[in-house]
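Numbering (this note's numbering), first residue to last: 10 to 656.
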């Protein structure tokens, strides 16, 4: 359903129209209902079901299946190699039959997509009026969507790694980085596979990696439980002193204390490990980029010595082990908190509340609903597969599945809506644009997108709300806010009293559903799919001394080869599906006509045209920045930001 050509606030409607709005909302509440009983996310308010209108489109399925088939073929190539090496007893014919099945799925999907492909729904309607009914019936019938969903489920099954494959893969040779790289048999090996050991790369991941939202200024003193001496600091950062770095606010910390809630688990009797490290970084005098200074592998310095970079040969592998401890912690923090809890689960609450409390005639319903497309479906998949018992999180990540589930759920319920708004969050962490951390691509690019969305929402809100009194008098908006603060359990949410506040709220919702999710999701392919760079568990204990460690001991901390393949499969998929970029507002029903119908919004000089122009300018600005950066940061280019969380 498209929004009306003249959306209205409830107080502006005649009694009959108000009654119609109330009836529509009453009916919609029977479709969008709350539950807090999802076993894998205890206590988190979620939708009870995925309504039909929230199921993926054929266009989305076509993208996903194409990506999925490429991953399956890569995994089958790895397994066939395992057969050739004598690691697997499975007959070659089994895997060859699976490859043939991939070909059949590809052909079936292509046939469905062929009549569905289009560039512009309006143009198609104009040129093929007589065929529209036939095309819609052919490509959007429930049988076709069901067939694509069956293909998706079959791909999911083909990607899985069996118990025999876990035991066999990688067993014929000592563990090595080349073996991990060889898991990319038919897929490109990511660049991080060749530079992740560089300290410069380790530092860059704090500001342009998957989890750029934890780095924080150290303030005027180091934590009392992180006793780095001035002498050790000076030995790492040439020409600097600890006192000067503190006084000039050039020190930055990662502190993973929040991971104490995880209970380390096991996988097939193998112990898994995760810690709560503290890592210190500095911006050297006259510099702009971070350098790593020191790592403590846990919160208690009596149990965990401090490691620093060293040119000494007998200290190299101790430092590499300490960095791996940080990367394991970062993988858990990213996946459970930054990604799942703070984007997927937060946005689901807004999606359900919007459908339950904003009538389809409401202008904010029209503004927000495109940013929820596909979210309920993909979250249902996450809850019932990704973070369920015996799923990828259970296998790859260190915590018992119960503790990982509880950690994600608790983090979602603690999410501070206003405190996590981008400008406020940067300020709270002491890393805003005025900080000494000049080289921070996530911050700089995210602010460009945030500001573009903020101006778009301002223009849109001002179009429908004449003044702040109109905001206060909007009964549907008040019910929406009450629902979010109450049954949706969004911490910090409350009544909305001004147009500026409303524009901020809409900006936060739209930014989180689009740019923030893009920033935490798409680096999974380029960085996290290669397990030695970032992974969810270590498989040996943390080092207890700097010197005397070796490369085999470091490699032993990395995941078994089959789990590295499972990690590759999952994260390559999640990081590869780009569907419907930010600013391309369309219906999710074929033939996907333009979404907004109000000519005041869509006019050549209207708010939507302004927003699209602003996004084009942001794209140009980021491209120019990337041309100058040591390592490009593409994830916040508007053309690569989906409008919604649909993967």
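The beta-carbon is built from N, C-alpha and C at its ideal position, and this holds for glycine as well.
On a predicted model such as this, the values are computed, not experimentally measured, just so you know.
Discussion item. Which same chain residues end up closer than 7 Å to residue 401 when comparing Cβ atoms and leaving out the 5 residues on each side of it in sequence?
Written reply: 395, 575 and 579
Worksheet item: What residues are listed by DSSP as bridge partners for residue 425?
Response: 500
Item to complete: Closer than 8 Å by C-beta to residue 118: which residues in its own chain qualify, once you throw out the five before and the five after it? Chain order, please.
Response: 70, 71, 74, 75, 157 and 160
Worksheet item: For residue 594, which of 585, 586 and 610 has the nearest alpha-carbon?
Response: 610
Worksheet item: Taking contact to mean at least 3 C-beta pairs separated by less than 8 Å, is the segment 451-465 in contact with the segment 505-516?
Response: yes
Worksheet item: By the 10 Å Cβ neighbour count, where 16 or more other Cβ atoms means buried, how is residue 116 classified, buried or exposed?
Response: exposed
Worksheet item: Under a Cβ-count criterion, where at least 16 other Cβ atoms within 10 Å of its own Cβ denotes burial, should residue 138 be classed as buried or exposed?
Response: Note that residue 138 scores 36 on pLDDT, short of 50, meaning its location in the model is unreliable and no value can be drawn from it.
Discussion item. Could you tell me the alpha carbon to alpha carbon distance between residue 251 and residue 242, rounded to whole angstroms?
Written reply: 6 Å
Discussion item. Applying the 10 Å Cβ sphere with the 16-neighbour rule, what's the burial state of residue 368?
Written reply: buried
Worksheet entry | Integer-rounded CB distance, given that residue 380 should sit under 8 Å from residue 523 | 6 Å
Fill in: Segment contact flag, the segment 259-269 with the segment 218-229, C-beta cutoff 8 Å, min 3 pairs
yes
Discussion item. With DSSP as the reference, identify every bridge partner of residue 276, one or two as the case may be.
Written reply: 279
Practice prompt. Compute the Euclidean distance between the alpha carbons of residue 650 and residue 383, then round it to the nearest angstrom.
Written response: 15 Å
Item to complete: Between the Cα of residue 151 and those of 632, 599 and 438, spot the shortest distance and give me the residue it belongs to.
Response: 599
Worksheet item: Around the C-beta of residue 220, are 16 or more other C-beta atoms found within 10 angstroms, so that it is buried, or is it exposed?
Response: buried
Practice prompt. Mind checking which residues open and close the alpha helix (DSSP H) that includes residue 303?
Written response: First-last for residue 303: 300-305, but that is the beta strand (DSSP E), not the alpha helix (DSSP H).
Fill in: Contact test: residue 552 Cβ vs the ligand SAM heavy atom, cutoff 7 Å
Absence of the ligand SAM is noted for the structure shown, with no ligands found whatsoever.
Practice prompt. Compare the C-alpha of residue 424 against each of 62, 360 and 346 and name the closest.
Written response: 346
Worksheet item: Which residues in the same chain have their Cβ closer than 6 Å to the Cβ of residue 229, if we skip the five residues on either side of it in sequence?
Response: 255
Discussion item. Taking the alpha carbon of residue 562 as the reference point, which residue from 197, 315 and 326 has its own alpha carbon closest?
Written reply: 326
Worksheet item: Hey, how far is the Cα of residue 187 from the Cα of residue 34?
Response: 58 Å
Worksheet item: Per DSSP, residue 595 is paired with what?
Response: 603
Fill in: Those residues which DSSP pairs with residue 408 across a bridge
273
Worksheet item: With residue 308 and residue 234 assumed to form a contact (beta carbons below 8 Å), what rounded beta-carbon distance in angstroms separates them?
Response: 6 Å
Worksheet item: If you draw a straight line from the C-alpha of residue 306 to the C-alpha of residue 615, how long is it?
Response: 54 Å
Worksheet entry | Cβ contact (3+ pairs, closer than 8 Å) linking the segment 531-545 and the segment 355-373 | no
Worksheet entry | Proximity of residue 567 and residue 548 at Cβ, strictly below 8 Å | yes
Worksheet item: Run through DSSP, which three-state label would residue 134 get?
Response: With a pLDDT of 36 at residue 134, under the threshold of 50, the predicted position of this residue should be treated as unreliable, though the coordinate-derived value follows. In this structure, residue 134 counts as helix in the three-state DSSP scheme.
Worksheet item: Given a threshold of 16 other Cβ atoms within 10 Å of its Cβ, counted over all protein chains shown, does residue 140 qualify as buried or as exposed?
Response: Residue confidence is low: residue 140 scores 40 on pLDDT, short of 50, so the model does not pin down where it sits. Its coordinate-derived value is still stated next. Its Cβ having fewer than 16 others within 10 Å, residue 140 is exposed.
Item to complete: Please report how far the alpha carbon of residue 324 lies from the alpha carbon of residue 313, in whole angstroms.
Response: 16 Å
Worksheet item: What does a CB cutoff of less than 7 Å around residue 295 pick up in its chain, not counting 5 residues either side in sequence?
Response: none
Item to complete: Can you tell me which of the three DSSP states residue 642 falls into?
Response: coil
Worksheet item: If you compare alpha carbons, which of 553, 495, 494 and 467 is closest to residue 511?
Response: 467
Item to complete: Along the alpha helix (DSSP H) that carries residue 262, what are the first and last residues, could you check?
Response: Segment 260-264 is the beta strand (DSSP E) holding residue 262; no alpha helix (DSSP H) there.
Item to complete: Report yes if the C-beta distance between residue 364 and residue 37 is below 8 Å; otherwise report no.
Response: yes
Fill in: Three-state secondary structure assigned by DSSP to residue 43
strand
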